[in-house]
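I have placed the structure first, in the form of structure tokens, so that the comments after it can refer back to it.
Numbering (our numbering), first residue to last: 360 to 591.
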């Protein structure tokens with residue numbers, strides 16, 4: 360079997376019939392590793408146990424919001440996120456994309472359209488990540504298997520925390536990350552120290568920027584956090 364179709368998909372919808380219909384649609388397309396849950400808490404527990412390769416999240420859940428689940432999923436990586444919802448206003452769609460959505464499917468949906476969108480996103484995502492641990496940004500390459508940073512093809516030494524922080528940025532390219540997200544992901548404790556983040560950001564800029572005082576890759580998003588750009 361094509362290993363693509365063994366990738367893990369999480370389906371979250373409080374309407375059991377809709378969730379099961381989505382499972383059937385995806386299974387007919389060849390996807391074999393599908394987890395279906397119906398509540399926010401079930402989904403959060405599943406995501407925290409292990410990362411998935413694609414998320415289909417209903418926004419309106421009985422005990423929480425799919426928008427908040429997207430934040431939990433983004434902390435695990437940059438796998439595609441689809442929102443499933445009956446909400447149709449431009450503001451709702453914009454909110455979804457601001458929370459990290461890759462696509463937005465309105466209910467009721469066409470099964471063929473759902474299958475086509477999932478197939479396209481998964482092939483794109485897997486093509487970028489499977490068998491390729493080398494993440495490129497600007498004139499840099501981060502090899503996540505070798506824990507190695509190359510800048511203009513020259514190896515650059517990183518401390519353990521510098522590597523962990525850069526790897527978190529690199530797996531979330533072009534996404535705005537708050538100081539709280541960075542601190543909790545890398546130091547794995549509640550965010551308490553603004554200075555620690557700032558010092559490590561400055562050190563990373565010294566490693567990857569042509570001019571650390573005028574960063575073009577690892578940029579500050581004032582009042583929000585930081586973003587590592589794919590291209591300067």
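A virtual CB, placed ideally from N, CA and C, is assigned to each residue, including glycine.
Can you give me the C-alpha to C-alpha distance between residue i and residue j, rounded to a whole angstrom?
i	j	result
residue 428	residue 399	7 Å
residue 573	residue 564	9 Å
residue 420	residue 391	25 Å
residue 383	residue 474	10 Å
residue 431	residue 511	34 Å
residue 542	residue 554	11 Å
residue 442	residue 372	10 Å
residue 517	residue 566	8 Å
residue 590	residue 569	13 Å
residue 561	residue 468	47 Å
residue 408	residue 394	13 Å
residue 418	residue 515	43 Å
residue 502	residue 494	6 Å
residue 463	residue 415	9 Å
residue 519	residue 547	14 Å
In or out: residue i buried (at least 16 other Cβ within 10 Å) or exposed?
i	result
residue 530	buried
residue 370	buried
residue 366	buried
residue 471	exposed
residue 425	buried
residue 583	exposed
residue 461	buried
residue 444	buried
residue 375	exposed
residue 477	buried
I'd like the list of long-range same chain contacts for residue i, defined as Cβ closer than 7 Å, with 5 residues on each side in sequence excluded.
i	result
residue 587	496, 528, 529, 532, 576, 577
residue 522	506
residue 544	434, 527
residue 580	535, 586
residue 550	538, 539, 542, 543
residue 396	371, 402, 405
residue 524	541, 545, 559, 563
Residue range of the alpha helix (DSSP H) that residue i falls in?
i	result
residue 367	Unbroken run through residue 367 is the beta strand (DSSP E), 367-371; no alpha helix (DSSP H).
residue 382	375-388
residue 401	399-408
Just to check, is the beta-carbon of residue i closer than 7 Å to a non-hydrogen atom of the ligand COA?
i	result
residue 589	Although the ligand COA was asked about, the structure shown includes no ligands whatsoever.
For residue i, collect the residues of the same chain with a Cβ closer than 6 Å to its Cβ; drop the 5 residues on either side in sequence, then sort them by chain order.
i	result
residue 360	Reliability of the predicted coordinates at residue 360 is poor, the pLDDT of 43 falling under 50, and no value is obtained from them.
residue 381	370
residue 439	413, 461, 480, 484
residue 509	500
residue 318	Residue 318 falls outside the range modelled here, since the chain spans only 360 to 591, and no answer is possible.
residue 389	364
residue 436	410, 530
Let's see if you can read the secondary structure: which residues bound the beta strand (DSSP E) around residue i?
i	result
residue 430	Careful: residue 430 lies outside any beta strand (DSSP E), inside the alpha helix (DSSP H) at 425-433.
residue 514	513-515
residue 393	392-396
residue 442	440-444
residue 496	493-496
Establish whether the CB of residue i and some CB of chain C are separated by less than 8 Å.
i	result
residue 409	Of the protein chains in the structure, only one exists, and it is not chain C.
Spatial neighbours of residue i within its chain, please: C-beta separation below 8 Å, excluding the five flanking residues on both sides.
i	result
residue 556	538, 541, 542
residue 386	393
Next on the checklist: Which complete beta strand (DSSP E) runs does the stretch 519-585 hold, if anything under 3 residues is left out?
Outcome noted: 577-580
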